[in-house]
Amino acid sequence: MQSAVHWALLGLVIERPSYGYELAHRFEHAYDGMLQLSGFSYVYTALDTLLCRGMIEEISGTRTGRQPKPRYRATAEGVRSYQERLIAQMREDFRRSRLFARQLAVFAQEPEIALDVIERYGQACLEEAGETPVLAPAGPCADPVSGLAARLVSEERRLAMGARLPWIDYARREFKALAAGRIQPR
Amino acid sequence: MSVLELEHVSKCYGQLNEHVALCDASLKIEAGEMVVVWGMRRSGRSTLLRIAAGIEKPDTGVVRFEGQDLRARSSRALGEGIGYCRKRFSPSEGRLVIDQLITGLIARGLPPTLAGSRARAALERAEIGACATLRPAELDYAEAVRAAIARSLAFAPKLLLIDEPTIGVDLLARDGILMLLHSLAQQGMAILASTGESTSLSGARALTLSDGELYGQPARELATVVPLRRTG
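The listed protein sequences derive, respectively, from chains A and B.
Residue numbers for the first sequence follow the numbering used here, so the first one is 33 and each next one is one higher.
Residue numbers for the second sequence follow the numbering used here, so the first one is 919 and each next one is one higher.
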């Protein structure tokens, strides 16, 4: 299953059993600015896929009334798959960072171009850093899950920048030295 | 008019000026704005703050506070509009935290009663009123930073300069200090902080300093003015 939206919906069902329309709303709230639904109806397509793969199941007795709203919960297989996906996703992020560094190195003979890329990357990082809010410390909260999620996301964004900014500083020095002709690319 | 403006400021150290601390740095900070400059050690971030405070003079370039060249201001500029947070407390300035604030105010010519009330208000504003009667050595890192901020706030500065506001501060106390600084900016104060920690950049106009060169937005981006369309 490749779709990031499918995995995100599975995550929301793990967090709390829900019915389709409710999931669409929760998705928009939880993944605002990170993932987007092509439409509310896509949730039902995704739920069908998750059901077929045995990652979720319908809670019996919830398909009642004139407008049945079957609720879904995650299966043990769904939780296990979700865990594996989280780890695989992080490995993919590591790979992407290495790829970026390797691809930047093609400009060893044209360091000015690399420096331009680095400046733009640096600016994007500074904007990302500035846009990350400072959140109030944990306290009594009406929705502890979304409070925790917001703090974890915020802290990840802030601490990840702590690795990127020194790397940008380092890469800038390397390419500046190349531009000044002080060292030859090996 | 910007509260602080650095225009093509350079500063070198060493017998042969071989160590470049600042190189052609330009920066504008407006009232109500918080600007945080990230840099590695020896990147020039402390020099930037000292020059912005008027403590050090640039080799070239101009530093203006409220439009006035800092070189033209008296040596009392620091403390009159510019607050530079010193995080060290000297025993000669008082035994208790509140004494540290009062001493500075009295030295500036305030009567002791007024100095006392001003000091207490500043400590309350920095959310450290409960520590007023402690000795500085009894404060933890976060409290010491808040006390240092309070010491500057007692002079009601328009520009607050602070070096490494969250260094050594417990992870959970860190954001409380940042929220305090943001709340001061929201009340109209201009804040310039330097940091080696990326977490301090949150919510601020963030810049980086590398080998004395500033990267990032040197001035606040103003919203585009859209003229009102006349109807009918």
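All residues carry an ideal CB built from backbone N, CA and C; glycine is no exception.
* Establish whether the CB of residue 1104 of chain B and some CB of chain A are separated by less than 9 angstroms. => no
* Asked: What's the gap between the Cα of residue 1074 of chain B and the Cα of residue 1099 of chain B?
  -> 14 angstroms
* Starting from the Cα of residue 1105 of chain B, find the closest Cα among B:949, B:989 and B:1115 and give me that residue. => B:949
* For residue 958 of chain B, return the contacting residues in chain A, with the cut-off set at a CB-CB distance below 7 angstroms. => Chain A residues near residue 958 of chain B: 198 and 201.
* To do: Note down, in chain order, every chain B residue with its Cβ under 8 angstroms from the Cβ of residue 176 of chain A.
  => Correct list: empty, because the minimum Cβ distance to chain B is about 17 angstroms.
* Environment of residue 113 of chain A [buried if 16+ CB atoms lie within 10 Å] -> Residue 113 of chain A comes out buried.
* To do: Determine, using beta-carbon pairs with one atom in the stretch 75–90 of chain A and one in the stretch 103–110 of chain A, whether at least three such pairs fall under 8 angstroms.
  => yes
* Asked: Can you give, in chain order, each stretch of the beta strand (DSSP E) that sits fully within the stretch 925–962 of chain B and has at least 3 residues?
  -> 937–947 and 952–957
* To do: Express the C-alpha separation of residue 189 of chain A and residue 179 of chain A in angstroms, rounding to a whole number.
  => 16 angstroms
* Asked: DSSP puts residue 983 of chain B in a beta bridge; with which residues?
  -> Residue 983 of chain B is bridged by DSSP to B:922 and B:986.
* CB-CB under 8 angstroms to residue 987 of chain B, same chain, minus the five flanking residues each way: which ones, in chain order? -> 980 and 981
* Can you list the residues of chain C that residue 162 of chain A reaches, using a CB-CB cut of under 7 angstroms? -> In the structure shown, chain C cannot be found, because the protein chains are A and B.
* **N-terminal and C-terminal residue of the alpha helix (DSSP H) that residue 1042 of chain B is part of** => 1030–1043
* Mapping DSSP to helix, strand and coil, what is residue 1081 of chain B? -> strand
* Asked: Touch check for the stretch 923–937 of chain B and the stretch 958–975 of chain B: three-plus C-beta pairs under 8 angstroms?
  -> Output reads yes: the stretch 958–975 of chain B touches the stretch 923–937 of chain B.
* Listing by chain order, which chain B residues have their CB less than 9 angstroms from the CB of residue 158 of chain A? -> 956, 1119, 1123, 1124, 1125, 1126, 1133, 1134 and 1135
* Pick out whichever of B:969, B:1114, B:1023 and B:919 has its Cα sitting closest to the Cα of residue 1087 of chain B. => Of the candidates B:969, B:1114, B:1023 and B:919, the residue whose Cα lies closest to the Cα of residue 1087 of chain B is B:1114.
* Asked: residue 1188 of chain B bridges to which residues according to DSSP?
  -> As displayed, chain B neither begins before 919 nor continues past 1150, which places residue 1188 of chain B out of reach and without an answer.
* **Residue-level contact to chain B via CB, residue 85 of chain A, 9 angstroms cutoff** => no
* Asked: From this set, B:984, B:935 and B:1124, which residue's C-alpha is nearest residue 977 of chain B's C-alpha?
  -> B:935
* Asked: Since residue 957 of chain B contacts residue 1127 of chain B with CB under 8 angstroms, what's their CB separation in whole angstroms?
  -> 4 angstroms
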